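A.B. asks: Each residue of the sequence shown is one higher than the last, beginning at 0 in numbering that gives the first Met the number 0.
Dropping a structure here in structure tokens format, bear with me for questions.
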Amino acid sequence: MKHLIVVAHPVEKSFTMALARSYAAELEGLGHSQRTFDLYREGFDPILGAQELMPVDANHPVSTDVARAQGDIRAADALTVLYPLWWLAMPAMMKGYIDRAFARGFAYESSDGVVRGLLSGKKAILITVSGAPLPTLVKSGNWNAVQVLQDTHVFRSAGFELLEHLHFDQVVPQLSHAVAEQHMARVRSCARQHFSAS
Ligand SMILES: Cc1cc2nc3c(=O)[nH]c(=O)nc-3n(C[C@H](O)[C@H](O)[C@H](O)COP(=O)(O)O)c2cc1C
């Protein structure tokens with residue numbers, strides 16, 4: 000299978016980036032091909048500007064970076080996105096990637112308020128990280144909001160079959176090496192669980 004991994008974290012040595020590397024290495028070990036799109040290091044421009052909101056025609060072609068991002072999605076059988084939860088949302092960099100790459104006519108169509116995803120047939124895995132414990136997020140209703148707005152409104156709406164939303168909670172600066180290693184094992188096991196037979 001062909002995988003696209005999209006990751007948003009400004010610090011290359013962060014926990015989030017380490018998760019992305021472990022996951023990608025596991026997929027390659029399973030014989031899959033993968034491209035990791037490291038939005039910060041590759042300098043993705045997250046700003047959806049006026050011209051991109053114009054109707055797409057010969058005079059307003061899709062920007063080169065968006066065309067490449069969409070080509071990567073089109074070529075992939077599975078998309079995995081990784082990011083920390085900031086204010087319980089995706090970082091602006093990832094949001095900008097979604098705003099620009101998941102464009103109308105590519106990721107969805109809508110009419111009369113009904114959205115139809117255009118990326119059906121593709122699988123997705125969402126991997127997020129938070130400082131707060133998951134039970135606290137669940138109790139406050141915040142986890143439900145995350146799932147409605149991110150899992151369903153973004154990825155399922157675009158047509159993806161969401162295989163898993165894997166979440167790592169209580170990731171704090173003083174995280175022990177042993178716990179971090181357990182988390183790396185868990186992200187590798189996620190790759191094996193979903194993709195070991197294909
Ligand atoms: C701007 C910002 C906002 C954050 N908002 C939240 C939040 O709303 N809830 C939460 O549990 N953690 C929040 N965090 C903590 C991060 O989710 C956590 O530190 C991070 O995921 C740890 O992973 P990392 O080492 O890869 O950065 C926030 C962190 C930052 C920098």
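C-beta atoms are modelled at their ideal positions from N, C-alpha and C, and glycine is treated no differently.
A quick note: this is a predicted structure, and the numbers were derived from the prediction, not measured.
Apart from the five residues on each side of it in sequence, which residues of its chain come closer than 6 Å, Cβ to Cβ, to Gln169?
C.D. replies: Position 170 of the sequence shown, counted from the start, is the residue given in the question as residue 169. Around Gln169: Pro132.
A.B. asks: With a cut-off of 8 Å on the beta carbons, I'd call Gln146 and Met89 a contact; round off their distance for me.
C.D. replies: By one-based count along the sequence shown, residue 146 stands at place 147. By one-based count along the sequence shown, residue 89 stands at place 90. Gln146 to Met89, Cβ: 13 Å. No contact.
A.B. asks: So, under 8 Å CB-CB, Phe167 and Ala123 are touching, yes? Tell me the CB distance rounded to an integer number of Å.
C.D. replies: On the sequence shown, residue 167 is found 168 positions in, with the first residue counted as 1. On the sequence shown, residue 123 is found 124 positions in, with the first residue counted as 1. Their Cβ separation, rounded to whole angstroms, is 18 Å, which puts Phe167 and Ala123 out of contact at 8 Å.
A.B. asks: Within 10 angstroms of the Cβ of Ala66, are there 16 or more other Cβ atoms? Answer buried if so, exposed if not.
C.D. replies: Here residue 66 refers to the residue found at position 67 when the sequence shown is read from its first residue. Exposed: under 16 other Cβ atoms inside 10 Å.
A.B. asks: According to the neighbour-count rule (16 or more other Cβ atoms, all chains shown, within 10 Å of its Cβ), is Thr79 buried or exposed?
C.D. replies: The residue you call residue 79 lines up with position 80 of the sequence shown. Looking at its Cβ environment, which holds 16 or more other Cβ atoms inside 10 Å, Thr79 is buried.
A.B. asks: Using three-state DSSP, classify Arg40 as helix, strand or coil.
C.D. replies: On the sequence shown, residue 40 is found 41 positions in, with the first residue counted as 1. Arg40: coil per DSSP, three-state reduction.
A.B. asks: Going straight from the alpha carbon of Pro45 to that of Met93, what length do you get?
C.D. replies: Here residue 45 is taken as the residue at index 46 of the sequence shown, counted from 1. Here residue 93 is taken as the residue at index 94 of the sequence shown, counted from 1. Cα to Cα, Pro45 sits roughly 7 Å from Met93.
A.B. asks: Taking DSSP as the reference, what is the three-state secondary structure of His166?
C.D. replies: As a first step, residue 166 must be located in the sequence shown, where it is residue number 167. Looking at His166 - three-state DSSP - the assignment turns out to be strand.
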